[in-house]
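If you're matching positions, the sequence shown starts at 608 in our numbering and goes up one per residue. Cβ coordinates follow ideal geometry from the N, Cα and C atoms, glycine included. Okay, so here's the structure we're looking at.
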Amino acid sequence: MTGLFLGFLLGFIMQRGRFCMAGGLRDLYLFRDSRMTIAILIIITLQSIGLFAFIALDWAKLPSGDFHWLATLVGGVTFGIGMGLAGSCSTGAYYRAAEGLAGSMIAVVGFVVSSWYIRQPSGKQLFAPINAPSLPDASLTQTLNISPWVAVLFLTFITVFLVCRHLKRKPYSIPQPEPRKQGLAHWLFEARWHPFITAIFIAVIALLAWPSSLMSGRVGGLGISGPSAQLFSLLTEGKTGFFGWAGYLLMGIFVGALVAAWGSQELRLRSPGWPTLAKSLAGGLFMGIGSGLAGGCMLGNTVVNTAWFSWQGWLFIPCILLGGWLVSYFTIIIPNQLVKQQKA
Numbered sequence: 608m609t610g611l612f613l614g615f616l617l618g619f620i621m622q623r624g625r626f627c628m629a630g631g632l633r634d635l636y637l638f639r640d641s642r643m644t645i646a647i648l649i650i651i652t653l654q655s656i657g658l659f660a661f662i663a664l665d666w667a668k669l670p671s672g673d674f675h676w677l678a679t680l681v682g683g684v685t686f687g688i689g690m691g692l693a694g695s696c697s698t699g700a701y702y703r704a705a706e707g708l709a710g711s712m713i714a715v716v717g718f719v720v721s722s723w724y725i726r727q728p729s730g731k732q733l734f735a736p737i738n739a740p741s742l743p744d745a746s747l748t749q750t751l752n753i754s755p756w757v758a759v760l761f762l763t764f765i766t767v768f769l770v771c772r773h774l775k776r777k778p779y780s781i782p783q784p785e786p787r788k789q790g791l792a793h794w795l796f797e798a799r800w801h802p803f804i805t806a807i808f809i810a811v812i813a814l815l816a817w818p819s820s821l822m823s824g825r826v827g828g829l830g831i832s833g834p835s836a837q838l839f840s841l842l843t844e845g846k847t848g849f850f851g852w853a854g855y856l857l858m859g860i861f862v863g864a865l866v867a868a869w870g871s872q873e874l875r876l877r878s879p880g881w882p883t884l885a886k887s888l889a890g891g892l893f894m895g896i897g898s899g900l901a902g903g904c905m906l907g908n909t910v911v912n913t914a915w916f917s918w919q920g921w922l923f924i925p926c927i928l929l930g931g932w933l934v935s936y937f938t939i940i941i942p943n944q945l946v947k948q949q950k951a
């Protein structure tokens, strides 16, 4: 049940911290706002330091297998396109669905269905040519033949430099409403959380996930793509494979976000209209296919696999940036340029 507990904490923290990895990466290339990108680096760095310490203590193990480079490339771009259409990553869709956002609920449905399909014999056969090419070195440290601690030191230096540089800037002045709660209730359900503080909380949860899941016989950290596929099998075929560590993690994320939304009075049903719902469904379908090809979603690849310097995780990031940028270019950048030309 540790998966359920960690999932509850993760869902609660992500909802209250408004931690949207998709939005953060989008803000990087649209508005040159690097706060959320630096926050993601904080998660990766802290998790990486703790993970290799856990491995030295035999408290954690790294996944094994070859690096399917073409599947990661195609899957990353596909996931990025889906992320752009849905307006959030898969994890973000889950916690926003718990808030009552109809678009996110539809995105979750699409993600669950396509995550299941790509793991079926017909789906595997369809994408077999993409999944086939592979390389033996799964991590950057293997390829460069260096100690993981050298990579950890380099990553730590980069992260500390970016954090210090960002904190030296003049902070944005954001108007705050008059507090309605006091003490702990105010900090849990009302106060605005800084992205860096939220990132530290998420990093601790991501780190604890490694030994926690290993105790259940599962090698790996946080991830929701696999259990999402198992959720579809549970609902349609009654298969109980969902009820493992990762499945309980997924349930915990939803419940934790639900409690956070209820406590902060953000729990209400909201529908963006049929066009946006259609985009959300398409986005969820694309994200499910992309995560299945790339071996993980935004959470599993961008946050977890990067911590042990896997090629899969680090290559996934520029690919989703490309996919997300393509959607933003055709749906935001070009329309805005046309409006400016009409006004000129």
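For the stretch 655 to 741, the continuous alpha helix (DSSP H) assignments of 4+ residues that do not extend past its boundaries occur at 676 to 693, 697 to 704, 709 to 724, 728 to 733 and 735 to 738, in sequence order.
The residues Ser-741, Leu-742, Pro-743 and Ala-745, in chain order, have a CB closer than 8 Å to that of Asp-673 in the same chain once the five nearest residues on each side in sequence are set aside. According to the DSSP secondary-structure assignment, Ser-935 is paired through a beta bridge with no residue.
Closest in alpha carbon position to Tyr-701, among Glu-844, Trp-915, Leu-906 and Leu-928, is Leu-906. Under the DSSP assignment, Val-757 falls in the alpha helix (DSSP H) whose first and last residues are 755 to 774.
For His-793, the uninterrupted alpha helix (DSSP H) run begins and ends at 790 to 796, by DSSP. Its Cα nearest to that of Leu-922, the residue His-675 stands out among Val-757, Ile-620 and His-675. In the same chain as Phe-808, and ignoring 5 residues on each side of it, the C-beta atoms closer than 6 Å to its own belong to Ile-620, in chain order. Burial check for Met-858: the Cβ neighbour count within 10 Å reaches 16 or more, so the residue is buried.
DSSP lists Ser-917 as the beta-bridge partner residues of Ser-746.
Comparing C-alpha distances from Leu-635 to each of Ser-935, Lys-950 and Ile-941 shows the shortest one belongs to Ser-935.
Comparing alpha carbon positions, the residue from Gly-851, Trp-666, Leu-884 and Ala-792 closest to Thr-609 is Gly-851. For Gly-920, the CB contacts under 6 Å within the same chain, skipping 5 residues up- and downstream, are Asn-908, Asn-912 and Thr-913 in chain order. Taking a C-beta distance under 8 Å as the contact criterion, Ala-704 and Leu-876 do not qualify as a contact pair.
A contact is defined here as three or more CB-CB pairs under 8 Å, and the stretch 716 to 730 fails this definition with respect to the stretch 655 to 672.
The beta-bridge partner set that DSSP reports for Arg-877 consists of Leu-708.
In this structure, Cys-926 keeps its C-beta atom at 8 Å or more from the C-beta atom of Cys-696. Residue state for Gly-845 is assigned as coil, using DSSP reduced to three classes.
In its chain, beyond the 5 residues on either side, Arg-623 and Gly-624 have a beta carbon closer than 7 Å to the beta carbon of Trp-800.
Only buried fits Trp-915, as 16 or more other CB atoms lie within 10 angstroms of its CB.
Around the beta-carbon of Phe-893, 16 or more other beta-carbon atoms lie within 10 Å, marking it buried. Comparing alpha-carbon positions, the option among Met-690, Gly-824, Phe-937 and Gly-790 lying closest to Gly-897 turns out to be Met-690. Only residues of its own chain outside the window of five on either side were considered, and among them Ser-722, Trp-723 and Arg-726 have a CB closer than 6 Å to the CB of Ala-836, listed in chain order. With a contact defined as Cβ atoms closer than 8 Å, Gly-902 and Thr-679 qualify at about 7 Å. Around the beta-carbon of Arg-787, fewer than 16 other beta-carbon atoms lie within 10 Å, marking it exposed. Taking a C-beta distance under 8 Å as the contact criterion, Gly-631 and Thr-644 qualify as a contact pair. Taking C-beta atoms as the reference points, Ala-853 and Gly-880 fail to come closer than 8 Å. Comparing C-alpha distances from Phe-839 to each of Gly-687, Val-719 and Pro-784 shows the shortest one belongs to Val-719. For Asn-943, the enclosing alpha helix (DSSP H) starts and ends at 941 to 950. Distance from the CA of Leu-821 to the CA of Thr-698, rounded to the nearest whole angstrom, comes to 22 Å. Our two residues, Asn-738 and Gln-732, have alpha carbons roughly 10 Å apart in a direct line. Between the stretch 612 to 619 and the stretch 860 to 869 there are three or more inter-stretch CB-CB distances shorter than 8 Å, so the stretches are counted as touching.
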